[in-house]
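J.:
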Amino acid sequence: MKRRGILVALAALLVLWQAAAMILNQPILPSPVEVAAAFWQGLRHGLLLHFAASLWRVVAGIVVSVLLAVPAGLVMGQSENVNRIFSPVLYLIYPIPKVVFVPIVILLLGIGDLAKITLIFLILFFQILVLVRDAAVGISPQLLLSLRSLGAGRKALFRFVYLPASVPAILTALRQSIGTAVAVLYITELFATRYGLGYYIYYQGSTLLNYPAMYAGVVAMSLLGLGLYFGVDGLEKRLLHPA
Amino acid sequence: MINIDRLTFGYVPSKPIFEDFSWQVSRGETWSVLGASGCGKTTLLYLLAGLLHPTGGILSVDGHPLLRPRPQTGLILQDYGLLPWATVRENALLGLRLRDFYGPDGTHVPKDVLKVDAAVVDDWLHRLKIDKVAQQYPGQISGGQRQRTAIARTLSLQPDLLLMDEPFSSLDAVISEDLQDLTLSLCREKGITLITITHSIEEAAVLGEKVLLLGKAPNSATIVIENSESAQAGYRYSPAYLATVKTLRERLGEA
Numbered sequence: 044m045k046r047r048g049i050l051v052a053l054a055a056l057l058v059l060w061q062a063a064a065m066i067l068n069q070p071i072l073p074s075p076v077e078v079a080a081a082f083w084q085g086l087r088h089g090l091l092l093h094f095a096a097s098l099w100r101v102v103a104g105i106v107v108s109v110l111l112a113v114p115a116g117l118v119m120g121q122s123e124n125v126n127r128i129f130s131p132v133l134y135l136i137y138p139i140p141k142v143v144f145v146p147i148v149i150l151l152l153g154i155g156d157l158a159k160i161t162l163i164f165l166i167l168f169f170q171i172l173v174l175v176r177d178a179a180v181g182i183s184p185q186l187l188l189s190l191r192s193l194g195a196g197r198k199a200l201f202r203f204v205y206l207p208a209s210v211p212a213i214l215t216a217l218r219q220s221i222g223t224a225v226a227v228l229y230i231t232e233l234f235a236t237r238y239g240l241g242y243y244i245y246y247q248g249s250t251l252l253n254y255p256a257m258y259a260g261v262v263a264m265s266l267l268g269l270g271l272y273f274g275v276d277g278l279e280k281r282l283l284h285p286a
Numbered sequence: 145m146i147n148i149d150r151l152t153f154g155y156v157p158s159k160p161i162f163e164d165f166s167w168q169v170s171r172g173e174t175w176s177v178l179g180a181s182g183c184g185k186t187t188l189l190y191l192l193a194g195l196l197h198p199t200g201g202i203l204s205v206d207g208h209p210l211l212r213p214r215p216q217t218g219l220i221l222q223d224y225g226l227l228p229w230a231t232v233r234e235n236a237l238l239g240l241r242l243r244d245f246y247g248p249d250g251t252h253v254p255k256d257v258l259k260v261d262a263a264v265v266d267d268w269l270h271r272l273k274i275d276k277v278a279q280q281y282p283g284q285i286s287g288g289q290r291q292r293t294a295i296a297r298t299l300s301l302q303p304d305l306l307l308m309d310e311p312f313s314s315l316d317a318v319i320s321e322d323l324q325d326l327t328l329s330l331c332r333e334k335g336i337t338l339i340t341i342t343h344s345i346e347e348a349a350v351l352g353e354k355v356l357l358l359g360k361a362p363n364s365a366t367i368v369i370e371n372s373e374s375a376q377a378g379y380r381y382s383p384a385y386l387a388t389v390k391t392l393r394e395r396l397g398e399a
């Protein structure tokens, strides 16, 4: 994506927003200028802390998901037997919208960070697992035979074939599911917490009726999602070559 | 070099592909294995590579029963077996990286392996005329260049036995003949024993001083066609070549 294209799109969105605010002329839709001021104000009064709390939850969720889903996906992809046993389970669980587990996870794990990270984990884990497994299954048998004939055992195949082959799958899974993960994060932060952007948005909007500040929270949450998305993009550019 | 004695193998025990099959290959010979699809050519090659194991009989290479891939054996397959995310040079270096990964443990890497350095790989890239594409990825180069990369990777490990499965069948005629000649001259220069699996009668005639014919499974008889004149220069254009092609065609029909 060209940087210029993004800037033009951003400008167009801001113009549309400004126009909508002027036409509607209600407190519920403040203009971008008001929101920018509220954002700046918020930064000096703890918005950054809320941002950090949310960021930590998402990143922790991502890290735990990658650490558990990649080995599991590789094992499933390498062993026909393991895949045969677990594939039906995965087939059933994969399409369930994980957001339905919010009440259950909160009941079981409480209202702390653990529940929030677990929910993000639930969303990302299955996405990464499926894509990494498929990447491992898709490795050409001739490639594996060639490497085995060069002397590669299980360990070397893992290091030189399976692990590098799973990197694009991990990045694709992250790109696909970061939006959902942030959305679920928002929902979990509505309940009984005092930190996080979800809490900030809800508190400013519903309790204080401070709409510009509420939008500042929305902007911060968008920046969080965008930042993660750009992060994955950057990783992809560094780790993968264009071919 | 290779001794197969009363070997039996089948993916399903009730339907053996080889039954009481015997075959001997001496060091430095070049062999073609010719047969129709499904006759067990590739199975034989995987057995020789130690990727499959006989269900009965003896298969030994260099006097040792073959229990796993032997580090001094090179294997080149039709689809090259290159890592798509690694450059030509990285792919060619892979064998050496594997040796570094394990160290000379006698299982994955020969115990007495000489320290081979990257310069050897660069020499091969140069000799095989792929040094100009060394920084490109397999998806960006031609089929012939990919096969050269696979050859560079294998020869960098200084094998004494080279096994090839339909190595040139997906290449243009000219490139394929070029690579046949190159492979033969390199194997003769280094004293490498060469076994090529092919379904092409012409390729079998060019690449094998001896040709092993395989028929319908189960294979029990060892049908060998002598083709010693193939070592002479210009063989491809000689009457001897045409005679061999004719013989092979006739015998293949009977087998």
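If you read the protein sequences in the order shown, they are chains C and Z. So the first sequence is numbered by our numbering: it starts at 44 and just counts up by one. So the second sequence is numbered by our numbering: it starts at 145 and just counts up by one. We put the beta carbon where it would ideally sit given N, CA and C, even for glycine.
(1) Assuming residue 201(Z) is part of the beta strand (DSSP E), what are its boundary residues?
(2) I'd like to know whether the C-beta of residue 312(Z) is nearer than 8 Å to at least one C-beta of chain C.
(3) Taking residue 209(C) as the reference, which of 71(C), 95(C), 278(C) and 116(C) has the closest Cα?
(4) Are the Cβ atoms of residue 389(Z) and residue 374(Z) separated by less than 8 Å?
(5) Can you check which of these residues, 381(Z), 271(Z), 382(Z) and 153(Z), is closest to residue 329(Z) by C-alpha distance?
(6) Taking 8 Å as the threshold (C-beta atoms), are residue 362(Z) and residue 160(Z) in contact?
(7) Counting only the same chain and skipping the five closest in sequence on each side, list residues whose C-beta sits under 7 Å from that of residue 145(Z).
(8) Cβ closer than 7 Å: which chain Z residues qualify as neighbours of residue 97(C)?
(9) Would you mind sorting residue 381(Z) into buried or exposed? The rule is 16 or more other CB atoms within 10 Å of its CB.
(10) Would you report the Cα separation of residue 238(Z) and residue 145(C), rounded to the nearest angstrom?
(11) Pop quiz: residue 180(C) and residue 137(C) are said to be a contact at Cβ under 8 Å. What is the actual Cβ separation, rounded to whole angstroms?
(12) Does the contact criterion of 3 or more C-beta pairs under 8 Å hold for the region 211-219 of chain Z versus the region 191-198 of chain C?
(13) So does the region 199-217 of chain C actually touch the region 239-259 of chain C, counting three or more Cβ pairs closer than 8 Å?
(14) Less than 8 Å between the beta carbons of residue 261(C) and residue 163(C), yes or no?
(15) For residue 273(C), is the classification buried or exposed, using 16 other Cβ atoms within 10 angstroms of its Cβ as the cut-off for buried?
(16) Whose C-alpha, out of 264(C), 233(C) and 165(C), is nearest the C-alpha of residue 142(C)?
(17) Should residue 194(Z) and residue 213(Z) be called a contact, given that it needs their Cβ atoms to be closer than 8 Å?
(18) According to DSSP, is residue 88(C) part of a helix, a strand, or is it coil?
(19) Tell me which residue opens and which closes the beta strand (DSSP E) that residue 170(C) is part of.
(20) For residue 188(C), which residues in chain Z fall below 8 Å Cβ to Cβ?
(21) If you measure from the beta carbon of residue 215(Z) to each beta carbon in chain C, is any gap under 8 Å?
(22) Thinking C-alpha only, which one of 282(Z), 332(Z) and 184(Z) is nearest residue 165(Z)?
(23) Can you say whether residue 155(Z) is buried or exposed, counting buried as having 16 or more other CB atoms within 10 angstroms of its CB?
(24) Assign residue 363(Z) to one of three DSSP states: helix, strand, or coil.
(25) Beta carbons nearer than 9 Å to chain Z: which residues of the region 191-217 of chain C have them?
(26) Check whether the Cβ atoms of residue 160(C) and residue 107(C) lie closer than 8 Å to each other.
(27) Under 8 Å between beta-carbons, which chain C residues line up against residue 252(Z)? List them in chain order, please.
(28) Would you tell me roughly how many angstroms separate the C-alpha atoms of residue 365(Z) and residue 190(Z), rounded to the nearest one?
(29) Please check the pair residue 196(C) and residue 252(Z), which I expect to be a contact at CB under 8 Å, by giving their CB distance rounded to whole angstroms.
(30) With a threshold of 7 Å on Cβ separation, who are the neighbours of residue 393(Z) within its own chain once the five nearest residues in sequence on each side are excluded?
(31) Out of 268(Z), 256(Z), 356(Z) and 370(Z), which one is the CA nearest neighbour of residue 327(Z)?
(32) I think residue 162(Z) touches residue 178(Z), with their Cβ atoms under 8 Å apart; what is that distance to the nearest whole Å?
(33) Check the DSSP bridge columns for residue 339(Z) and list the partner residues they point to.
(34) Select from 295(Z), 215(Z) and 284(Z) the residue whose C-alpha is nearest the C-alpha of residue 228(Z).
(35) Please state whether the Cβ-Cβ distance between residue 300(Z) and residue 265(Z) is less than 8 Å.
(36) Using the rule of at least 16 other Cβ atoms within 10 Å of the residue's Cβ for burial, across every protein chain shown, is residue 286(C) buried or exposed?
T.: Reading it off the structure:
(1) The residue labelled residue 201(Z) in the question sits at position 57 within the second sequence. 200-205 is the extent of the beta strand (DSSP E) around residue 201(Z).
(2) Mapped onto the second sequence, residue 312(Z) falls at position 168. By this cut-off, residue 312(Z) is not an interface position.
(3) Locating residue 209(C) in the first sequence gives position 166, where the first residue counts as 1. Ranking 71(C), 95(C), 278(C) and 116(C) by Cα distance to residue 209(C) puts 116(C) first.
(4) Locating residue 389(Z) in the second sequence gives position 245, counting from the first residue. Locating residue 374(Z) in the second sequence gives position 230, counting from the first residue. Not closer than 8 Å, so no.
(5) Taking the first residue of the second sequence as 1, we reach residue 329(Z) at position 185. When only C-alpha atoms are compared, the closest one is 271(Z).
(6) Counted from its first residue, the second sequence places residue 160(Z) at position 16. Counted from its first residue, the second sequence places residue 362(Z) at position 218. It is a contact, given that the beta carbons lie within the stated cut-off.
(7) Residue mapping note: residue 145(Z) aligns to position 1 of the second sequence, counting from 1. 169, 170, 171, 205, 206, 305 and 337.
(8) By one-based count along the first sequence, residue 97(C) stands at place 54. In chain order: nothing, as chain Z lies at least about 34 Å away.
(9) If you number the second sequence from 1, residue 381(Z) lands on position 237. So residue 381(Z) ends up on the exposed side.
(10) The count along the second sequence starts at 1 and reaches residue 238(Z) at position 94. The count along the first sequence starts at 1 and reaches residue 145(C) at position 102. Computed Cα separation, rounded: 47 Å.
(11) Reading the first sequence from its first residue, position 137 is the one you call residue 180(C). Reading the first sequence from its first residue, position 94 is the one you call residue 137(C). 15 Å between Cβ atoms; not a contact.
(12) yes
(13) no
(14) Translated into positions along the first sequence, residue 261(C) becomes position 218. Translated into positions along the first sequence, residue 163(C) becomes position 120. No, Cβ-Cβ distance for residue 261(C) and residue 163(C) is not below 8 Å.
(15) Translated into positions along the first sequence, residue 273(C) becomes position 230. When all chains shown are included, residue 273(C) counts as exposed.
(16) Taking the first residue of the first sequence as position 1, residue 142(C) is located at position 99. Residue 165(C) is the option with its Cα nearest to residue 142(C).
(17) For this step, residue 194(Z) is matched to residue 50 along the second sequence. For this step, residue 213(Z) is matched to residue 69 along the second sequence. Yes. Within cutoff.
(18) Reading the first sequence from its first residue, position 45 is the one you call residue 88(C). Looking at residue 88(C) - three-state DSSP - the assignment turns out to be coil, as it is neither helix nor strand.
(19) The residue you call residue 170(C) lines up with position 127 of the first sequence. Note, residue 170(C): premise wrong, no beta strand (DSSP E); alpha helix (DSSP H) at 156-180.
(20) One-based indexing of the first sequence puts residue 188(C) at position 145. The answer, in chain order, is 190, 193, 195, 219, 221 and 225.
(21) Sequence index remark: in the second sequence, residue 215(Z) carries index 71 (1-based). Interface residue, yes.
(22) What you label residue 165(Z) is simply residue 21 of the second sequence in a count that begins at 1. Closest by alpha carbon: 184(Z).
(23) For this step, residue 155(Z) is matched to residue 11 along the second sequence. Residue 155(Z) should be labelled exposed.
(24) In the second sequence, residue 363(Z) corresponds to position 219, counting from 1. In this structure, residue 363(Z) counts as strand in the three-state DSSP scheme.
(25) 191, 192, 193, 194, 195, 196, 198, 199, 202, 203, 204, 207, 208, 210 and 211
(26) Translated into positions along the first sequence, residue 160(C) becomes position 117. Translated into positions along the first sequence, residue 107(C) becomes position 64. It is a contact, given that the beta carbons lie within the stated cut-off.
(27) As a first step, residue 252(Z) must be located in the second sequence, where it is residue number 108. Under the 8 Å cutoff, chain C gives 194, 195, 196 and 199.
(28) What you label residue 365(Z) is simply residue 221 of the second sequence in a count that begins at 1. What you label residue 190(Z) is simply residue 46 of the second sequence in a count that begins at 1. The straight-line gap from Cα to Cα measures roughly 19 Å.
(29) On the first sequence, position 153 is the one that residue 196(C) refers to. On the second sequence, position 108 is the one that residue 252(Z) refers to. About 6 Å; that satisfies the 8 Å criterion.
(30) Residue numbering aside, residue 393(Z) sits at position 249 when the second sequence is read from its first letter. Only 345 meet the Cβ criterion.
(31) Within the second sequence, the letter at position 183 stands for residue 327(Z). Nearest C-alpha to residue 327(Z): 268(Z).
(32) Position 18 of the second sequence holds residue 162(Z). Position 34 of the second sequence holds residue 178(Z). At roughly 16 Å, the Cβ-Cβ gap does not stay under 8 Å, so residue 162(Z) and residue 178(Z) are not in contact.
(33) Along the second sequence, read from residue 1 onward, the residue named residue 339(Z) stands at position 195. Residue 339(Z) is bridged to 175(Z) and 307(Z).
(34) Counting from one through the second sequence, the residue named residue 228(Z) turns up at place 84. If we check each option's Cα against that of residue 228(Z), 284(Z) comes out closest.
(35) Locating residue 300(Z) in the second sequence gives position 156, where the first residue counts as 1. Locating residue 265(Z) in the second sequence gives position 121, where the first residue counts as 1. Yes, Cβ-Cβ distance for residue 300(Z) and residue 265(Z) is below 8 Å.
(36) Here residue 286(C) refers to the residue found at position 243 when the first sequence is read from its first residue. Since pLDDT at residue 286(C) reaches only 44, below the 50 mark, its modelled position is unreliable, and the value read off the structure follows with that caveat. Counting Cβ neighbours within 10 Å, residue 286(C) comes out exposed, since fewer than 16 surround it.
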